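K.L.:
Protein chains in written order, with the numbering used here: chain Y, 852 to 1065; chain G, 852 to 1065. Glycine included, C-beta positions come from ideal geometry on N, C-alpha and C. Everything numeric in this text was worked out from a predicted model, so none of it was measured. I have a structure here, written as structure tokens, and I will follow up with some questions on it.
2 protein chains.
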Amino acid sequence: MSVETAPRRRRLEPDARRGQILACAVRLFGERAYPDVSTTDIAREAGVARGLVNHYFGTKKDLYLEVVRVMVTIPEVALERLPKGDLRTRVDASVTWFLDVVSRHSTSWLAAVTARGMGGDADVERVLAEAEEVAADRMLVAVGLADEAEHREELRGMVRAYGGLATSTAREWLQRGALTRAQVHVLLTTTLLTIVEQVIPQVIAGDGTSRPQG
Amino acid sequence: MSVETAPRRRRLEPDARRGQILACAVRLFGERAYPDVSTTDIAREAGVARGLVNHYFGTKKDLYLEVVRVMVTIPEVALERLPKGDLRTRVDASVTWFLDVVSRHSTSWLAAVTARGMGGDADVERVLAEAEEVAADRMLVAVGLADEAEHREELRGMVRAYGGLATSTAREWLQRGALTRAQVHVLLTTTLLTIVEQVIPQVIAGDGTSRPQG
DNA sequence: AGACTTATTGACATGCCGTCAACAGAGCGC
DNA sequence: GCGCTCTGTTGACGGCATGTCAATAAGTCT
């Protein structure tokens, strides 16, 4: 009687195995900190020999980079169509969309932004920076400043900086519970409006972009 | 002739040795990431046996906690006297003070905020949170909202969130070079004024602080 | 079935971390 | 000066994590 329907080794396609291990790594790195998660833990979680982790991802740090990339890419579900109304309407919609996304994927999103990079690693920083770039470009489209060719760099810098505000504000809501969603909404919309309507015109019309003293 | 003015072991007072090792650790952790700095490196840098590091600081993570505490405490040089003028004047002075501090200690400050916590470690997060708390209280004093007893929690939350904006904006200036100091100054002052004059009154007068639905 | 491909394993070498008993520098009494 | 004590300091040991690599077996094709 052949009851051996469970071979001790199951052979999967590389993509499948890779994805499975990556999923386990995402979960573990979302719970514990980088040095507190061993590749042995990940391998055990995936029911796999430890060497296989290195086989697919190289070093532990490489695996972590992919994990972070997955975490920050999750909110990329796309801000497809934004309302055609005036600035205030579009800003409001953007903030609503942002808050929806981060509250839906709150745990992994919090892990990604809280785990701001393993103690200042350069490669991790690069991955986070790329994600910020994408988010900043989308935001520029949303507020209708996408085709401002001349001051592109400053605009992107300001929007990236605003991303820092959005992040820390969302953390006050989701992590510390110091603010309600409504309060966060007011803070983010009002601030973004101020930046677009007051700060950016002042910078564009103001002093030189790279002259130390004006 | 006794040329042995250099005994292979030099005996220091505990405080001195501790401080010396801590200084080396601060330098190394400021350059490389947490997992890329071994206690062996720190011991070698201090010209000391590796066991001594553990003797003084316990575990490697404990040492790292002290390092982070030192890094974030550096800018605590105190915002002693702030001008007595109106809100705009005080906000302007606060931002100027902040930019002075972070530009002076730019390297260690960048290391501290960039090294946002070793991949989401709880204890590291606690140290950073305490530092944010101190900064937030000072800011509340500076903008004249220190004695608003009722909505204390929300106010502190908002100011902490603004701290996130200040951090990311300063990084755009010091690290990426996308913004000039003047632009950063405009962005931070205008935004803080908006928060104090528009957002906070709206929150105080607005809906309930902890009621999910109004 | 037999052969072939390759996903998967297990062991090896290296390095890091925490602990601990033993060593030695500095001050003191004699 | 000699020896004693105190304690800052060392070196080594055990355990664990990581990366590499040849050996193995699962699945497929003929």
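Closer than 7 Å between beta carbons: that is the criterion. Which residues of the region 892-919 of chain G meet it against chain Y?
P.N.:
If the cut-off is 7 Å between Cβ atoms, the region 892-919 of chain G has nothing near chain Y.
K.L.:
Determine, using beta carbons only, whether R1032/G and L950/G come nearer to each other than 8 Å.
P.N.:
Result yes, Cβ atoms of R1032/G and L950/G sit closer than 8 Å.
K.L.:
With a threshold of 8 Å between beta-carbons, can E1023/Y be considered close to chain G, or not?
P.N.:
Yes, contact with chain G.
K.L.:
Quick one: give me the first and last residue of the alpha helix (DSSP H) that G803/Y is part of.
P.N.:
Absent from the model: residue 803/Y. The displayed extent of chain Y is 852 to 1065, so no value can be given.
K.L.:
So the alpha helix (DSSP H) Q1026/G belongs to, where does it begin and stop?
P.N.:
Careful: Q1026/G lies outside any alpha helix (DSSP H) and carries neither H nor E.
K.L.:
When the Cα atoms are used, what is the spatial distance from Y885/G to K935/G?
P.N.:
Rounded to the nearest angstrom, the two C-alpha atoms are 44 Å apart.
K.L.:
Rounded to whole angstroms, what is the Cα-Cα separation between A1000/Y and L991/Y?
P.N.:
Roughly 12 Å between the two C-alpha positions.
K.L.:
In the structure shown, what three-state DSSP assignment does L938/G receive?
P.N.:
Residue state, collapsed to three classes: helix.
K.L.:
In chain order, what residues of the same chain lie with their CB nearer than 7 Å to the CB of R939/G, ignoring the 5 residues before and after it?
P.N.:
Closer than 7 Å at Cβ, skipping near neighbours: L1044.
K.L.:
On the DSSP letters alone, give me the boundaries of the alpha helix (DSSP H) that G902/G sits inside.
P.N.:
Counting along the chain, the alpha helix (DSSP H) containing G902/G begins and ends at R901 to F908.
K.L.:
Would you please verify whether the beta carbon of L1016/G is less than 8 Å from any beta carbon of chain Y?
P.N.:
It does: the Cβ of L1016/G has a partner Cβ on chain Y nearer than 8 Å.
K.L.:
Identify whether G1015/Y lies in helix, strand or coil by the three-state DSSP scheme.
P.N.:
Three-state DSSP puts G1015/Y in a helix.
K.L.:
As a quick exercise: from E983/G, A1056/G, V899/G and V942/G, pick the residue whose alpha carbon is nearest that of R869/G.
P.N.:
Minimum Cα distance to R869/G is reached at V899/G.
K.L.:
Identify, in the order they occur along the chain, each residue of the same chain with its Cβ nearer than 8 Å to the Cβ of L1006/Y, setting aside the five sequence neighbours on each side.
P.N.:
Contacts found: L991, L996, E999 and I1051.
K.L.:
Just reading off the alpha helix (DSSP H) that H1036/G is part of, what are its end residues?
P.N.:
Element bounds for H1036/G: R1032 to T1045.
K.L.:
Please report the straight-line C-alpha distance between R977/Y and G902/G, rounded to a whole angstrom.
P.N.:
Computed Cα separation, rounded: 35 Å.
K.L.:
Buried or exposed, going by whether 16 or more other CB atoms sit within 10 Å of the CB of V985/Y?
P.N.:
Counting Cβ neighbours within 10 Å, V985/Y comes out exposed, since fewer than 16 surround it.
K.L.:
Mind pulling the chain G residues with CB within less than 8 Å of R939/Y?
P.N.:
Within chain G, no residue comes near R939/Y; the closest Cβ sits about 13 Å away, beyond 8 Å.
K.L.:
Helix, strand or coil for S853/Y? Go by DSSP, reduced to three states.
P.N.:
For S853/Y, the predicted structure reports a pLDDT of 46, less than 50, and the residue's modelled location is therefore unreliable. A value from the coordinates is still provided. Coil at S853/Y, not helix or strand.
K.L.:
Roughly how far, in whole angstroms, is the beta-carbon of R1011/G from the beta-carbon of A987/G, given that I think they are within contact range, below 8 Å?
P.N.:
5 Å between Cβ atoms; contact.
K.L.:
Determine the contact status of L1025/G and V952/G, defining contact as a CB-CB distance below 8 Å.
P.N.:
Going by C-beta atoms, L1025/G is not nearer than 8 Å to V952/G.
K.L.:
Kindly list, in the order they appear in chain G, the residues whose Cβ is closer than 7 Å to that of D972/Y.
P.N.:
Per Cβ cutoff of 7 Å: A884.
K.L.:
Can you tell which of D972/Y, R883/Y, R862/Y and N905/Y has the C-alpha that lies nearest to the C-alpha of G881/G?
P.N.:
Of the candidates D972/Y, R883/Y, R862/Y and N905/Y, the one whose C-alpha sits nearest the C-alpha of G881/G is D972/Y.
K.L.:
Taking Cβ positions, are A963/G and V919/G nearer each other than 8 Å?
P.N.:
A contact, by the Cβ cut-off of 8 Å.
K.L.:
For G1015/G and D937/Y, what's the separation of their Cα atoms in angstroms?
P.N.:
C-alpha separation (whole angstroms): 28 Å.
K.L.:
With 8 Å set as the bound, which would you pick, yes or no: does the beta-carbon of E831/Y sit closer than that to a beta-carbon of chain G?
P.N.:
Given a span of 852 to 1065 for chain Y in the structure shown, any question on residue 831/Y remains unanswerable.
K.L.:
If the cut is a Cβ gap below 9 Å, which residues of chain Y does E999/G touch?
P.N.:
In chain order: nothing, as chain Y lies at least about 14 Å away.
K.L.:
Considering only the alpha carbon of each residue, which of Y1013/G, L863/G and R861/G lies closest to S945/G?
P.N.:
Answer by Cα proximity: Y1013/G.
K.L.:
Hey, is V1037/G's beta-carbon within less than 8 Å of any beta-carbon in chain Y?
P.N.:
So yes, V1037/G belongs to the interface.
K.L.:
Alpha carbons only, please: which of H1036/Y, G1028/Y, P865/Y and R1027/Y is nearest the one belonging to F908/Y?
P.N.:
The candidate whose alpha carbon is nearest that of F908/Y is P865/Y.
K.L.:
CA-CA distance, L879/G and D974/G?
P.N.:
Looking at the two C-alpha atoms, the distance is approximately 20 Å.
K.L.:
Relative to the alpha-carbon of L916/Y, which residue among V1037/Y, G1057/Y, E981/Y and L1030/Y has its alpha-carbon at the smallest distance?
P.N.:
Residue E981/Y is the option with its Cα nearest to L916/Y.
K.L.:
Distance check for H906/G and M852/G, CA to CA, integer angstroms please.
P.N.:
Any reading at M852/G is ruled out, since the residue's pLDDT is 47, under 50, leaving its predicted position unreliable.
K.L.:
When you compare the CB of E984/Y with every CB in chain G, is at least one pair closer than 8 Å?
P.N.:
So no, E984/Y is outside the interface.
K.L.:
Let me see if you follow: with CB-CB separation under 8 Å, is L1030/G close to chain Y or not?
P.N.:
For L1030/G, the answer is yes, since a Cβ of chain Y falls inside 8 Å of its Cβ.
K.L.:
Does chain G have any CB closer than 8 Å to the CB of G870/Y?
P.N.:
Closer than 8 Å: no.
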